[in-house]
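Residue numbering for the sequence shown follows my numbering, beginning at 15 and increasing consecutively.
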Amino acid sequence: PDLRNWLPVMIEPVPKNYEDMKETYLGIASDRGLACAVPIHAAVSYDSTKTTCPFCRFNTADDAPPSCKGQPDWMKFQIGTLDCEHSKRFFNKDFDLCILQDPLPCNSLEKLLSDHFVPAEHIAMLQ
């Protein structure tokens, strides 16, 4: 497909996933003719007054404890939440060992888009 008229907006709060996402879209841009993309390193929050939110995510660092490294990829790379209390209940004894609590940039979807000069009314698909 002709991707020159597409403007993907990618929002990813997890630092490693964000970097991987940018690399993926750079590849698509060079291989498939994607004109540009808007990567946003942030979490989407319902509260438009917040600019940072505590974000709980799995420790994926090279020096993470062995018990954390042994978890399935879907858990390590796809589970993150702004509700750290839920994460604490889910991971129980491994919470303090494997879960990082990062203050990340966050805001409402509309504010994140407007900060990057993307009018919300031009969004055709949100996935």
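All C-beta atoms in this analysis are idealised placements derived from N, C-alpha and C, irrespective of residue type, glycine included.
Item: Short of 6 Å in beta carbon distance, which residues of its chain neighbour LEU127, apart from the five on each side in sequence? Order them along the chain.; Value: ALA134
Item: With H, G and I counted as helix, E and B as strand and the rest as coil, what does DSSP make of THR38?; Value: helix
Item: Output the boundary residues of the beta strand (DSSP E) element that contains ASP114.; Value: Looking at the sequence provided, one finds Leu at residue 114 rather than Asp. That run of the beta strand (DSSP E) goes 113 to 121.
Item: State yes or no: is the C-beta of ALA56 within less than 8 Å of the C-beta of LEU114?; Value: no
Item: Report the residue from PRO68, SER59, CYS70, ILE25 whose alpha carbon sits nearest the alpha carbon of VAL52.; Value: ILE25
Item: Does PRO27 pass the burial test, meaning 16 or more other C-beta atoms within 10 Å, or should it be called exposed?; Value: buried
Item: Determine whether the beta carbon atoms of SER81 and ASP108 lie at a separation below 8 Å.; Value: yes
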